[in-house]
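Keeping their order, the protein sequence lines are chains A and B.
In my numbering, each residue's number is its place in the first sequence (first place is 1) plus 3.
In my numbering, each residue's number is its place in the second sequence (first place is 1) plus 13.
Beta carbons: idealized from backbone N, C-alpha and C, even for Gly.
Being a predicted model, the structure only gives us computed values, none of them experimental.
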Amino acid sequence: MLAVRITSLSKSFGKNRALHEVSLDVPPGSIYGLIGPNGSGKTTMIKSLVGASKPDSGKAEVLGLDPLLQRWELRKQIGYMPQVPALYGDLSARNNILFFASSRRIKDAEERVTKILSFTGLSDRASDPVRTFSGGMQKRVSLACAMIHEPRILFLDEPTAAVDPELKRKFWELFRKLADSGVTIFVSTHLMDEAMLCDRVTILKDGEILLVDTPQNILAKGKMKISFVRSGEKQSLMIPASPEALVIELQKLGLGNSVSELRFESDSIEEVVLSMIQKSR
Amino acid sequence: MQTIVIATRVIRQLKGDRRFLALSLIAPLFIIYFLKLLFEGLQPEPSPMPAMPGMMRPVIPVGKFMMPAMAFIVHFLSFVLCTLLLVQERTRGTLERMLITGFHKTAIIGGYTIGYFGLATLQTLVVTAEAIWLFEADFDFKSLTMLFLVVWILSIVSVMLGIFISTFARHEGHVIPFIPMILLPSVFLTGVIVDPDKLPGWAEFIGYLLPLRYANNIISRIGEANFTFVDALPDFVILIGYAVGLLFIASLTMKETE
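Below, the structure is given as structure tokens:
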């Protein structure tokens, strides 16, 4: 069974089109990235999947359930981390997690909270009010709230926005660990470098899907510059950034003693995606 | 269970927010004191000169207008503060998160209602005690009980009204237009300033739609010796009906999706 299936989903807010005829499938136990600039429809898509937004047309299924008609059954199995921390500043980290955990019947809630606080590195500040926390720490509490009931799918809306690089790395390590244990991670981001950390990504622009592929295949759609010095003369050529194209070009070049220097410069995923977005205009 | 969890959180939040508590409990005390100053200023001064015919300053029956004005202050503050707190839940994203996490909207509304019960009770106690002391109202135990009960139920109705109105507001700014739209007609048409019997028929009819009218029906007669709980019962029932009705409507209008 697919973790998520979206078929021709459309949603508008007045005259603004947030999503238009979007379709995608997400396999279970993977990290699925939703990449796109601000306003591309990422949040609307996530809200449609967690049952917080009613689509104008089309269909969404999460774990085979309709997010609106079967929302009570679905909400037991999903975790949701919104873009803003959405926490109670006057409550401690522990009490925030316990509060959101109490919406479901979790037998060993206290024990689980202690574990998750340690897992997210918040044990030392567990009793402090969340309003005294930095933005990054609030994100950790927010993530803990989304994970406390051990959901089968985690919907994360820009979890690493405004987070320092160290914490960002820890978050992604955690996502990978969860995915390896069978949890599906559906994560949105506007940070293109994070696309490389996903198993598969969808690039959204103005509510439409530009591309669905693995990050490696997306990178291969970019260009690679080969620079070399042969017999003292500098030369360069541009080739597609795929490994196959590189092998062919290197065979053509023939690496003899006359080549004294060889360099490769590939487009970053950000450059590839931006050029796709520009071409689509 | 969910209702109790939310109620506990609301009570904890109210206890922890000192500014909010001060605004809820101390601000009405000041306003009622200002009200006393206003009524004193409106009383005719004793004059050694005989009054000219037709030039008499009106005598303000303090007992008749002071207590309804006090009830209006409780109504106003409970409504505004509860609405703002619930709208804050929406703007901070916690309301949406609660719903997606699995809290039922009826549990959220119920939790808020229970959470506010304590504050409404405290507010009613403080405000009625000050009003009785300041205006030297000579009420017996029955009248005092009736006054406390009616103001308390009114504050609960105001909380329900706040919960209901908050379902239409996406941010705090949306609450502002509702304040004059809903509360000012209560001042003009329910007996706070003018006796409703002296209003044109259509205005009196609008007054009947407002909960403060039924509270004032009771409050304006509390001092009367032969006014009993049985006489006040229809108005009490209507007020409780407003509370239950608004609670029901709010659970229908609270949106779970956008």
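Just to confirm the assignment, what range does the alpha helix (DSSP H) spanning residue i have?
i	result
Q238 of chain A	Not the alpha helix (DSSP H): Q238 of chain A falls in the beta strand (DSSP E), residues E236 to P243.
N229 of chain B	P224 to I232
V172 of chain B	F154 to S179
R233 of chain A	Element bounds for R233 of chain A: not the alpha helix (DSSP H) but the beta strand (DSSP E), K226 to R233.
L252 of chain B	F242 to T266
K28 of chain B	Q15 to G29
A142 of chain B	K118 to L147
E273 of chain A	I272 to S283
A147 of chain A	G138 to M150
V116 of chain A	A112 to F122
M48 of chain A	K45 to L52
Just mark residue i as buried or exposed, buried being the case when its beta carbon has 16 or more other beta carbons within 10 Å.
i	result
Y83 of chain A	buried
L265 of chain A	exposed
G115 of chain B	buried
P88 of chain A	buried
I86 of chain B	buried
V227 of chain A	Note that residue 227 of chain A is Met in the sequence shown here, rather than Val. Flag for M227 of chain A reads buried.
S60 of chain A	exposed
D127 of chain A	exposed
D111 of chain A	exposed
E133 of chain B	Reading the sequence as shown, one finds Ala at residue 133 of chain B and not Glu. A133 of chain B should be labelled buried.
Measuring only between beta-carbons, confirm whether residue i sits less than 8 Å from chain A.
i	result
I113 of chain B	yes
T11 of chain B	No statement about residue 11 of chain B is possible, as the shown extent of chain B runs from 14 to 271 and does not include it.
R110 of chain B	yes
V18 of chain B	yes
T119 of chain B	no
G258 of chain B	no
E237 of chain B	no
F78 of chain B	no
Q15 of chain B	yes
E53 of chain B	no
G128 of chain B	no
T266 of chain B	no
Q101 of chain B	no
R183 of chain B	no
R22 of chain B	yes
Is residue i close to chain B, meaning its C-beta is less than 8 Å from at least one C-beta of that chain?
i	result
F103 of chain A	yes
Y35 of chain A	no
L71 of chain A	yes
A164 of chain A	no
R155 of chain A	no
According to DSSP, which residues form a beta bridge with residue i?
i	result
R203 of chain A	A:Y35
V25 of chain A	A:L12
W158 of chain A	Per the sequence shown, the amino acid found at residue 158 of chain A is Phe instead of Trp. Looking at the DSSP assignment, F158 of chain A forms a beta bridge with A:Y83 and A:F189.
F267 of chain A	A:I229
R20 of chain A	A:S15
S60 of chain A	A:S13
V262 of chain A	A:R233
K208 of chain A	A:E211
So residue i and residue j are supposed to be a Cβ contact under 8 Å. How far apart are they, rounded?
i	j	result
A63 of chain A	G44 of chain A	Contact flag wrong, Cβ pair sits at about 13 Å.
S156 of chain B	I235 of chain B	5 Å
V163 of chain B	A228 of chain B	5 Å
S145 of chain A	V18 of chain B	With a Cβ gap of about 19 Å, S145 of chain A and V18 of chain B do not count as contacting.
A96 of chain A	L120 of chain A	7 Å
Over the uninterrupted beta strand (DSSP E) stretch that includes residue i, give me the two end residues.
i	result
D215 of chain A	It should be pointed out that residue 215 of chain A corresponds to Val in this sequence rather than to Asp. It spans E211 to D216 - the beta strand (DSSP E) in which V215 of chain A sits, taken as one unbroken run.
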